[in-house]
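> This is the structure I have questions about; it appears just below.
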């Protein structure tokens with residue numbers, strides 16, 4: 005997916021534009037209330053999660069061919085079937101409970117439940133932490149269609165549980181947590197934020213507090229343009245610390261696109277990794293049509309792993325998605341589709357190729373496993389673990 009200019013994108017409908025304008029007015033009010041400036045993380049949180057208007061909390065279709073992007077579970081059930089092999093192992097070491105964070109359309113939940121039932125390791129409870137009412141409704145519909153006899157095991161929750169034993173699954177969750185934008189220039193470090201000057205505009209202030217401390221620890225190279233801009237996700241660090249406090253026994257499986265730190269902060273990435281998606285098109289402007297555009301950034305997996313370790317979690321593995329899925333038996337699940345000349349097998353093989361090929365999702369996406377009180381090595385990391393690169 006290549007980035008396009010905003011004027012090359014298909015225009016939203018009048019109703020969608022009206023909703024976007026309502027959210028823009030809300031963001032402008034927030035800027036005024038804050039004295040004329042908010043950090044980018046505050047803007048991103050409003051654009052994505054404002055009740056009823058934000059990208060993930062509004063009613064627009066996000067996932068699949070009719071949305072803005074396609075996730076691995078949308079491509080093929082093989083993703084969930086392979087992931088279920090790792091869950092089967094983990095559920096035998098902890099309570100028989102799965103918690104999925106941000107379940108999208110519900111396809112991954114349906115695929116996991118079906119595969120775990122077949123393996124004889126069906127969880128007693130499958131919890132979904134989902135903030136969007138529209139997505140909850142879609143998840144309920146998907147589960148009733150795909151696994152009607154298992155749908156009653158699924159419960160929706162609004163916040164992290166105070167204490168948890170079991171397995172947490174978060175597929176493409178870290179990349180949409182609000183990020184801070186740090187700017188290195190003129191011998192100083194600044195925090196990039198948002199102001200209103202007849203429209204949404206960038207404005208920088210000297211960095212301070214936790215952001216300044218985090219930025220000073222990074223190997224950010226000065227570019228020839230005179231400044232280096234990148235993301236620091238303090239929200240993901242706080243989220244991991246919360247899980248360390250709440251997870252009594254079990255594991256977190258985090259699947260997302262990103263890099264270890266030494267690959268993240270490169271001279272060639274002097275403008276950061278922030279990218280926006282609208283109707284399967286990428287563009288660089290997070291101020292375009294707030295509430296209608298997804299805003300995302302790549303994950304610094306070193307920061308996540310370091311935070312987890314410092315908070316007392318065990319870091320069990322870090323691996324490319326392709327290697328993880330192969331370790332978990334993706335090709336064996338593909339072979340079960342039947343004769344290789346049949347159309348169903350061919351479609352499944354093409355989808356599997358997208359999941360594991362290095363030039364597709366296989367290397368760009370990573371899997372990080374964290375835990376409390378579980379024994380390794382874990383199945384998904386037995387070959388190709390890259391933990392040493394963090």
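Numbering (our numbering), first residue to last: 5 to 394. Every residue, glycine too, gets a C-beta built ideally from N, C-alpha and C.
Whole angstroms is fine: what's the gap from residue 207's alpha carbon to residue 19's?
Taking the first residue of the chain shown as 1, we reach residue 207 at position 203. Taking the first residue of the chain shown as 1, we reach residue 19 at position 15. The alpha-carbon atoms of residue 207 and residue 19 are separated by roughly 30 Å.
> So the candidates are 223, 21, 225 and 283; which of them puts its Cα closest to the Cα of residue 12?
Walking along the chain shown from the start, residue 12 turns up at place 8. Of 223, 21, 225 and 283, the residue nearest in Cα terms is 283.
> Using a 10 Å radius around the Cβ and a threshold of 16 neighbouring Cβ atoms, would you call residue 40 buried or exposed?
Position 36 of the chain shown, counted from the first residue, corresponds to residue 40. Under this definition residue 40 is an exposed residue.
> Measure from the alpha carbon of residue 373 to the alpha carbon of each residue in 195, 211 and 324, then state which is nearest.
Sequence index remark: in the chain shown, residue 373 carries index 369 (1-based). Taking only the C-alpha atoms, the option nearest residue 373 is 324.
> Should residue 244 and residue 186 be called a contact, given that it needs their Cβ atoms to be closer than 8 Å?
Locating residue 244 in the chain shown gives position 240, where the first residue counts as 1. Locating residue 186 in the chain shown gives position 182, where the first residue counts as 1. Cβ distance not < 8 Å, so residue 244 and residue 186 don't count as in contact.
> Determine the extent of the beta strand (DSSP E) in which residue 253 is found, giving its start and end residues.
For the purposes of this step, residue 253 is identified with residue 249 of the chain shown, where counting begins at 1. 251-263 is the span of the beta strand (DSSP E), which, as asked, contains residue 253.
> Check the DSSP bridge columns for residue 303 and list the partner residues they point to.
Within the chain shown, the letter at position 299 stands for residue 303. In the DSSP output, where bridge partners are listed per residue, residue 303 has 262.
> Only counting the same chain, and skipping five residues up and downstream in sequence, which positions put a Cβ closer than 6 Å to that of residue 389?
On the chain shown, residue 389 is found 385 positions in, with the first residue counted as 1. Within the same chain, residue 389 has close Cβ partners 321 and 323.
> Measure the C-alpha to C-alpha separation of residue 202 and residue 165 and round it to an integer number of angstroms.
Taking the first residue of the chain shown as 1, we reach residue 202 at position 198. Taking the first residue of the chain shown as 1, we reach residue 165 at position 161. Going by the C-alpha atoms only, they are around 42 Å apart.
> Which first and last residues belong to the beta strand (DSSP E) in which residue 161 is found?
As a first step, residue 161 must be located in the chain shown, where it is residue number 157. Start and end: 158-161.
> Measure the alpha-carbon distance for residue 351 versus residue 109 and round it to whole angstroms.
Looking up residue 351 in the chain shown gives position 347. Looking up residue 109 in the chain shown gives position 105. The straight-line gap from Cα to Cα measures roughly 21 Å.
> Out of 99, 78 and 181, point me to the one whose CA is closest to residue 146's CA.
Taking the chain shown and counting its residues from 1, one reaches residue 146 at position 142. The shortest C-alpha separation from residue 146 is found at 78.
> Can you tell which of 304, 21 and 218 has the C-alpha that lies nearest to the C-alpha of residue 370?
Translated into the one-based positions of the chain shown, residue 370 becomes position 366. That would be 304, whose Cα lies nearest to the Cα of residue 370.
> Assign residue 311 to one of three DSSP states: helix, strand, or coil.
Within the chain shown, the letter at position 307 stands for residue 311. It is helical.
> What do you reckon, are the CB atoms on residue 125 and residue 97 nearer than 8 Å?
As a working mapping, residue 125 is identified with position 121 in the chain shown. As a working mapping, residue 97 is identified with position 93 in the chain shown. Against a cut-off of 8 Å, the Cβ pair of residue 97 and residue 125 comes out as no contact.
> Whole angstroms are fine: how far does the CA of residue 53 sit from the CA of residue 348?
Here residue 348 refers to the residue found at position 344 when the chain shown is read from its first residue. Here residue 53 refers to the residue found at position 49 when the chain shown is read from its first residue. So the alpha carbons of these two residues sit roughly 38 Å apart.
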